[in-house]
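The next block holds one structure in the form of C-alpha cells; read it before the comments.
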Amino acid sequence: MDILLEVKEIYKSFGGHEVLKGVNLKVREGTIHALIGPNGAGKTTLLNIINGLESPNRGKILFQGKEITSTPVEKRAKLGLARTFQLLEIFSGLSVLENVMVALYAQRPWGMWKSLILGDLNKREKEIKEEAERYLEEVNLLHRAKEEAQNLPAGEQKLLEIARALAINPKILLLDEPAAGLNNRETQLLGETLRMICQKRGVTILLVEHDMDLVMRISNFITVLNFGEILAEGTPLEIQKNPQVIKAYLGEET
C-alpha cells in the first residue's frame, strides 16, 4: 500500500511547553489508522497540524508525496483532506438534506448564485439534491433527509457531519473523537459506516479516538502517542500485546 500522508519530525510548543517532540507518522492509502493516547498526549494538536489549523515549529507534512506544511486549510481541502471536529458543525436551521447540499454547492466552481443568474438553478439544484441523497444513503441517513438537523440524536448528527465531509470527495478523512458522547448502538453504527466508507469508497481515515473497543474493531493500524512522542505503532493485535502500551495506556497487566 502506498503512503498517502506522512508526518516527518514534527515539533510543536505552546508557551514553552513542548507538546509534540519529533513525531513521525505514515498513513497508508485505503486504511483506517487510529491515533490514541492519554489526554494531553498531543493527538488533537497533531491532527490540527495535518489539517493546517496549527503550524509546526519544525518538521514537514507530506500528502501524496508533496509537501503541504505551509499550504492553507482551504487548499488542503481541495487536495482531498477533509476534517470533522469534536464539536459538531452542522447548520441547525436547515434540514439534513440541505446541510449536505450546502457542502456540495461550496465545492462547485459555478456556485449557487451563478446558477441563479444563468437561469439554470433548478437543473443544478436537482443534480445537487440527488448527489446529497447518495451521501446520506451511504451514512444511513436518507430516511432523515427532510428532518431538521438540530433534531437528530448526537450519533446521527455525527454521521451527518461525515456525509458533509464526503461531499468534498476526500482522499482522507481526519476524524477527531467521532464516538464521543455516543451510546453503544450509535458507536456500532458509526464503526460500520467508517468501515464501509474506507472499503467501498477507498477513503483513507485517520481518527483520534478514546473508545478502545471501536479502535480495535475497525482500525488497520494504530499509533500510540504518549507525552508528545510515539510510544508504539502496529496492528490492533500488536498494540494490545505491547508491554509499553499496556503499562502506559491500556492498563497494567494483572
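Okay, so the sequence shown: first residue is 1 according to the UniProt record's numbering, each after it adds one. Cβ coordinates follow ideal geometry from the N, Cα and C atoms, glycine included.
Whole angstroms are fine: how far does the CA of Gly-234 sit from the CA of Lys-241? Numbered from 1 along the sequence shown, position 241 holds the residue referred to as residue 241. Numbered from 1 along the sequence shown, position 234 holds the residue referred to as residue 234. One C-alpha to the other measures close to 10 Å.
Backbone CA spacing between Arg-58 and Glu-9 [nearest angstrom]: Your numbering for residue 58 matches position 58 in the sequence shown. Your numbering for residue 9 matches position 9 in the sequence shown. About 7 Å.
Using a threshold of 8 Å, state whether the C-beta atoms of Leu-20 and Gly-228 are closer than that. Translated into the one-based positions of the sequence shown, residue 20 becomes position 20. Translated into the one-based positions of the sequence shown, residue 228 becomes position 228. The answer is yes: Cβ separation under 8 Å.
Between which two residues does the beta strand (DSSP E) harbouring Arg-76 extend? Residue 76 sits at position 76 when you count from the first residue of the sequence shown. Where Arg-76 is concerned, there is no enclosing beta strand (DSSP E), although the alpha helix (DSSP H) it sits in stretches over 73-79.
Please classify Pro-72 as buried or exposed, where buried requires at least 16 neighbouring CB atoms within 10 angstroms. Locating residue 72 in the sequence shown gives position 72, where the first residue counts as 1. Exposed, because fewer than 16 other Cβ atoms sit within 10 Å of the Cβ of Pro-72.
By the three-class DSSP mapping on this structure, what secondary structure does Ser-95 have? Start at 1 with the first residue of the sequence shown, and residue 95 comes out as number 95. In the structure shown, Ser-95 sits in a strand (DSSP, three-state: E or B).
Beta-carbon proximity of Leu-173 to Ala-163, cut-off 8 Å: On the sequence shown, residue 173 is found 173 positions in, with the first residue counted as 1. On the sequence shown, residue 163 is found 163 positions in, with the first residue counted as 1. Contact: no.
Among the residues of its own chain, which have a CB less than 7 Å from the CB of Glu-148, if the five just before and after it don't count? Position 148 of the sequence shown holds residue 148. Same-chain partners within the cutoff: Ser-95.
Determine the contact status of Glu-156 and Ala-179, defining contact as a CB-CB distance below 8 Å. Looking up residue 156 in the sequence shown gives position 156. Looking up residue 179 in the sequence shown gives position 179. Not a contact, by the Cβ cut-off of 8 Å.
Just reading off the beta strand (DSSP E) that Lys-12 is part of, what are its end residues? Within the sequence shown, numbered from 1, the residue matching residue 12 stands at position 12. It spans 3-14 - the beta strand (DSSP E) in which Lys-12 sits, taken as one unbroken run.
Would you be able to state if there are at least three C-beta pairs under 8 Å between the segment 32-51 and the segment 122-142? no
Ile-218 to Glu-29, Cα distance in whole Å? For the purposes of this step, residue 218 is identified with residue 218 of the sequence shown, where counting begins at 1. For the purposes of this step, residue 29 is identified with residue 29 of the sequence shown, where counting begins at 1. So the alpha carbons of these two residues sit roughly 15 Å apart.
Can you tell me the Cβ-Cβ gap for Ile-49 and Ile-68, rounded? I've got them flagged as a contact below 8 Å. By one-based count along the sequence shown, residue 49 stands at place 49. By one-based count along the sequence shown, residue 68 stands at place 68. Actually they do not touch by this definition, with Cβ atoms about 11 Å apart.
What do you get for Phe-14, buried or exposed, if any count of 16 or more other CB atoms within 10 angstroms of its CB means buried? For the purposes of this step, residue 14 is taken as the residue at position 14 of the sequence shown. Looking at its Cβ environment, which holds fewer than 16 other Cβ atoms inside 10 Å, Phe-14 is exposed.
I need the DSSP call for Lys-171, collapsed to helix, strand or coil. Walking along the sequence shown from the start, residue 171 turns up at place 171. The answer is coil: DSSP assigns Lys-171 none of H, G, I, E or B.
Give me whichever residues DSSP pairs with Asp-176 in a beta bridge. As a position in the sequence shown, residue 176 is number 176, starting the count at 1. Val-208.
Between the alpha carbons of Thr-31 and Cys-198, how many angstroms are there, rounded? Counting from one through the sequence shown, the residue named residue 31 turns up at place 31. Counting from one through the sequence shown, the residue named residue 198 turns up at place 198. One C-alpha to the other measures close to 7 Å.
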